[in-house]
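Number of protein chains: 2
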Amino acid sequence: MPGMLAVFVDEQSRPEGSRVTSMRSFRSVDDAAVQAVLFDTFGTVVDWRSGISAAVRRVEAGVDAEAFADAWRARYDPSMEPVRSGRRPFVTLTELHRENLTATLAEFGLDLPLEEVDDLNHAWERLPPWPDSVEGLTLLRRRHIVGPLSNGNLGLLTRMAKNAGLPWDVIMGSDVTRRYKPQPEAYLRAAAFLELEPAQVMLAAAHNDDLAAARWSGLSTAFIPRPTEHGPGQTRDLRPESDWDVVATDVIDLAHQLDARP
Amino acid sequence: MPGMLAVFVDEQSRPEGSRVTSMRSFRSVDDAAVQAVLFDTFGTVVDWRSGISAAVRRVEAGVDAEAFADAWRARYDPSMEPVRSGRRPFVTLTELHRENLTATLAEFGLDLPLEEVDDLNHAWERLPPWPDSVEGLTLLRRRHIVGPLSNGNLGLLTRMAKNAGLPWDVIMGSDVTRRYKPQPEAYLRAAAFLELEPAQVMLAAAHNDDLAAARWSGLSTAFIPRPTEHGPGQTRDLRPESDWDVVATDVIDLAHQLDARP
Numbered sequence: 001m002p003g004m005l006a007v008f009v010d011e012q013s014r015p016e017g018s019r020v021t022s023m024r025s026f027r028s029v030d031d032a033a034v035q036a037v038l039f040d041t042f043g044t045v046v047d048w049r050s051g052i053s054a055a056v057r058r059v060e061a062g063v064d065a066e067a068f069a070d071a072w073r074a075r076y077d078p079s080m081e082p083v084r085s086g087r088r089p090f091v092t093l094t095e096l097h098r099e100n101l102t103a104t105l106a107e108f109g110l111d112l113p114l115e116e117v118d119d120l121n122h123a124w125e126r127l128p129p130w131p132d133s134v135e136g137l138t139l140l141r142r143r144h145i146v147g148p149l150s151n152g153n154l155g156l157l158t159r160m161a162k163n164a165g166l167p168w169d170v171i172m173g174s175d176v177t178r179r180y181k182p183q184p185e186a187y188l189r190a191a192a193f194l195e196l197e198p199a200q201v202m203l204a205a206a207h208n209d210d211l212a213a214a215r216w217s218g219l220s221t222a223f224i225p226r227p228t229e230h231g232p233g234q235t236r237d238l239r240p241e242s243d244w245d246v247v248a249t250d251v252i253d254l255a256h257q258l259d260a261r262p
Numbered sequence: 001m002p003g004m005l006a007v008f009v010d011e012q013s014r015p016e017g018s019r020v021t022s023m024r025s026f027r028s029v030d031d032a033a034v035q036a037v038l039f040d041t042f043g044t045v046v047d048w049r050s051g052i053s054a055a056v057r058r059v060e061a062g063v064d065a066e067a068f069a070d071a072w073r074a075r076y077d078p079s080m081e082p083v084r085s086g087r088r089p090f091v092t093l094t095e096l097h098r099e100n101l102t103a104t105l106a107e108f109g110l111d112l113p114l115e116e117v118d119d120l121n122h123a124w125e126r127l128p129p130w131p132d133s134v135e136g137l138t139l140l141r142r143r144h145i146v147g148p149l150s151n152g153n154l155g156l157l158t159r160m161a162k163n164a165g166l167p168w169d170v171i172m173g174s175d176v177t178r179r180y181k182p183q184p185e186a187y188l189r190a191a192a193f194l195e196l197e198p199a200q201v202m203l204a205a206a207h208n209d210d211l212a213a214a215r216w217s218g219l220s221t222a223f224i225p226r227p228t229e230h231g232p233g234q235t236r237d238l239r240p241e242s243d244w245d246v247v248a249t250d251v252i253d254l255a256h257q258l259d260a261r262p
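Heads up: the sequence lines are chains A and B, in that order.
Take 1 as the starting number for the first sequence in this note's numbering and just add one per residue.
Take 1 as the starting number for the second sequence in this note's numbering and just add one per residue.
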């Protein structure tokens, strides 16, 4: 990480109450080789728009399924805000998704049986991976710890991984760090749980704002464009907006680039 | 689980501050099919005595390596007690192992360079699996979520899994639940993180006392004997001491028994 001379992690950024042995000593930048590559998941590893719209189409033929998926997802970030600010106690993404689904159903004037609502909410656990994700992660994990660094919760991410065949080494989830990205502790606690320094952890993401927050916390960064995450008319995150440590075409390319490092 | 009619989980047993959606409704015993099989790890999945004594032998030729391993491990349970009782804030097992190693070195009159002490402490991340562990977990994960339910912390368990090739779906660790077994919350929070009811989670362990605590919290139970965990003269845990839901000869047998269920 050019220009970065020191990584400082204060007590509060660590898992509550725990000290981390490997942080006792101050290490030089040369020791900061990336040990773990953690991934933003929705949009970066899995294709939420295709997965959710397909699930919507299965339960309700009369609706514009992509529009429904976009509307449901549009409530995602605002619904986390009261939790981030502390106005609301921590609740899992499974619960926020469920509340947002209820609101989206009302917005579209839909009235589904409770069982179908519950089942639709679990569509987030059955999202399809992008074509390169499984192969890329399989390559990457030969030399690195791989896992999600997602606002999804542990149960959701575990079932998503089993359904999609994602070969994670470890799954944390926002209910483990108890912080929603882009709060700094979301990144710092993930590193601390792995007993790694922030720079030894790389966030790989298709979103420039996520990478900016990760870098601000001292993590290494990799950008992977996903130009159709938001459908054919996507305008944002089509290219890297900063000098991220790695810019890769997909997860397979990221694995090759990291393997080529000394 | 015969004779168990209801599973009640109070607020305090869930991850702090979180409600778990899947627990909203009261489910009947028929719904309590095992979804996840979580394993005690040290002794049940990996052979700590062989691994630690081999590591000791490598750094210090003049010591009885098995005696050293036994002495180090003997400090394990007592060192967690102040944390369990709340007299000491939570610290990870990596840190407790390090403190216990310092004490054991003193007990044996050994004075190693700091670097070798640090390296020896990481021997817990390089323990060999029992011969059936990898194959058994591979079979088991086809139909179940598999993971450790260990007093080890997340970083330690993640590196252990990579070194030993353990195909876990998810890794929690005691620093995620923030409780050391046999505290009830260690079992209950693991289930809650997976958004499962306790009976839908099975603890597999070579230790009767661990299974008793898991059952007390409502988990399903499987006993796997490891008659040489403590060496050739082992006297404890040679057989099941209660009517555990499953008694298996090893992890492969456990997978076959669970696969045979309807």
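C-beta: ideal position from N, C-alpha, C; glycine also.
Since this is a predicted model, take the numbers as computed values, not measurements.
Other residues of its chain near B:L206: CB distance less than 7 Å, five sequence neighbours each side excluded: Here residue 206 of chain B is Ala; the residue named in the question, Leu, does not match the sequence. Listed in chain order, the non-local C-beta contacts of B:A206 below 7 Å within the same chain comprise D40, G43, T44, I224, P225, R226, E229, D237, local neighbours out to five positions each way being set aside.
task: Pull out every residue of the segment 98–129 of chain A whose Cβ sits closer than 9 Å to any Cβ of chain B, in chain order.
output: Those residues of the segment 98–129 of chain A placed with their C-beta closer than 9 Å to a C-beta in chain B are R98, D118, N121, ordered along the chain.
task: Assign B:T92 to one of three DSSP states: helix, strand, or coil.
output: B:T92 falls in the coil class under three-state DSSP.
- prompt: B:A199 to B:V146, Cα distance in whole Å?
  reply: Using only the alpha carbons, I get a separation of about 15 Å.
task: Determine the chain B residues that contact A:F193 at a beta-carbon separation under 7 Å, and present them in chain order.
output: Ordered by position in chain B, the residues that pass the 7 Å Cβ test against A:F193 are L154, G155, D175.
- prompt: Thinking C-beta only, is A:P128 closer than 8 Å to A:D47?
  reply: With respect to the 8 Å criterion, A:D47 and A:P128 are classified as neighbours on the basis of their beta carbons.
task: Determine the DSSP secondary structure at B:M202, reduced to helix, strand or coil.
output: Three-state DSSP puts B:M202 in a strand.
- request: With distances taken Cα to Cα, identify the nearest neighbour of B:Q183 among B:V59, B:R58, B:G86.
  value: Comparing alpha-carbon positions, the option among B:V59, B:R58, B:G86 lying closest to B:Q183 turns out to be B:G86.
message: Using 8 Å as the cut-off, can you tell me whether the segment 132–144 of chain B makes contact with the segment 160–178 of chain B, which would need three or more C-beta pairs spanning the two stretches below that distance?
response: The answer is yes - the segment 160–178 of chain B touches the segment 132–144 of chain B, with three or more Cβ pairs under 8 Å.
Minimum C-alpha distance to A:A61 - residue among A:E125, A:R215, A:L110, A:A74: Its Cα nearest to that of A:A61, the residue A:L110 stands out among A:E125, A:R215, A:L110, A:A74.
message: Looking at the strands, I want to know which residues DSSP matches up with B:V246.
response: BP columns for B:V246 point to B:A222.
- prompt: Just reading off the beta strand (DSSP E) that A:F39 is part of, what are its end residues?
  reply: Annotation for A:F39: the continuous beta strand (DSSP E) segment containing it runs 36–39.
message: Please tell me whether B:A74 has its Cβ less than 8 Å away from any Cβ of chain A.
response: Interface flag for B:A74 against chain A is unset, since no Cβ pair is found closer than 8 Å.
query: Within the 8 Å Cβ cut-off, does A:D40 reach chain B?
result: Not one chain B Cβ lies under 8 Å of A:D40.
field: A:V266 at chain B interface by Cβ criterion, 8 Å
entry: Not covered by the structure: residue 266 of chain A. The range shown for chain A is 1 to 262.
task: Assuming B:D245 and B:S220 form a contact by the criterion Cβ under 8 Å, report the distance between their Cβ atoms to the nearest whole angstrom.
output: At roughly 5 Å, the Cβ-Cβ gap stays under 8 Å, so B:D245 and B:S220 are in contact.
- prompt: Run through DSSP, which three-state label would A:F193 get?
  reply: In the three-state reduction of the DSSP assignment, A:F193 falls in the helix class.
CA-to-CA distance, B:A67 to A:A204, given in whole angstroms: A straight-line Cα-Cα distance of about 46 Å links A:A204 and B:A67.
task: Would you kindly work out how many angstroms separate the C-alpha atoms of A:G51 and A:A123, rounded to a whole number?
output: C-alpha separation (whole angstroms): 7 Å.
task: Pull up the CB-CB distance for A:L194 and B:T158, whole angstroms please, since I reckon it's below 8 Å.
output: The distance from the Cβ of A:L194 to that of B:T158 is about 7 Å, consistent with a contact at the 8 Å cut-off.
- prompt: Does DSSP classify B:G51 as helix, strand or coil?
  reply: Note: B:G51 maps to helix in three-state DSSP.
task: Give a yes or no on whether the minimum CB-CB distance between B:I171 and chain A is below 8 Å.
output: Interface residue (Cβ-Cβ distance to chain A less than 8 Å): B:I171 is classified as such.
Minimum Cβ-Cβ distance from B:T94 to chain A less than 8 Å: Yes, B:T94 counts as interfacial toward chain A.
message: Is there a Cβ of chain A sitting closer than 8 Å to that of B:T158, yes or no?
response: It does; some Cβ of chain A falls within 8 Å.
message: Determine, for A:K181, whether the minimum Cβ-Cβ distance to residues of chain B falls below 8 Å.
response: For A:K181, the answer is no, since every Cβ of chain B falls outside 8 Å of its Cβ.
task: Give me the Cα-Cα distance between A:F90 and B:S174, rounded to the nearest whole angstrom.
output: The C-alpha of A:F90 lies about 20 Å from the C-alpha of B:S174.
- request: Keeping to the same chain, check which residues put their C-beta closer than 7 Å to that of A:E125; ignore five residues upstream and five downstream.
  value: Excluding positions up to five away in sequence, the list reads L156, R159, M160, N163.
task: Tell me B:I145's beta-bridge partners as DSSP assigns them.
output: Residue pairing from DSSP places B:I145 in a beta bridge opposite B:A36.
query: So what's B:P167 in DSSP terms, helix, strand or just coil?
result: Annotated three-state conformation of B:P167 is coil, per DSSP.
- prompt: Taking the alpha carbon of A:L254 as the point to measure from, which residue in A:A222, A:G231, A:P240, A:G233 has its own alpha carbon closest?
  reply: Per the C-alpha coordinates, the member of A:A222, A:G231, A:P240, A:G233 positioned closest to A:L254 is A:A222.
- request: Identify, in the order they occur along the chain, each residue of the same chain with its Cβ nearer than 6 Å to the Cβ of A:E241, setting aside the five sequence neighbours on each side.
  value: Excluding its 5 nearest sequence neighbours in each direction, A:E241 has C-beta neighbours in its own chain below 6 Å: N208, listed in chain order.
Per-residue burial, B:V20 [other beta carbons within 10 Å of its own, 16 or more giving buried]: Low per-residue confidence applies at B:V20: pLDDT is 40, beneath 50, and the placement is therefore not dependable, though the value from the model is reported in the following sentence. Classification for B:V20: buried.
- prompt: Is DSSP giving B:V46 helix, strand or coil here?
  reply: Strand, per DSSP.
query: Where do the ends of the alpha helix (DSSP H) carrying A:R84 lie?
result: Judged by DSSP secondary structure, A:R84 falls within the alpha helix (DSSP H) whose first and last residues are 76–84.
Pairwise C-alpha distance: B:R143 and B:S22: Low per-residue confidence applies at B:S22: pLDDT is 37, beneath 50, and the placement is therefore not dependable, though the value from the model is reported in the following sentence. It is roughly 20 Å from the alpha-carbon of B:S22 to the alpha-carbon of B:R143.
message: If I measure Cβ to Cβ from A:D210 and keep anything under 8 Å in the same chain, skipping five residues before and after, which residues do I get?
response: Cβ neighbours of A:D210 beyond the five flanking positions: D40, K181, P182, L203.
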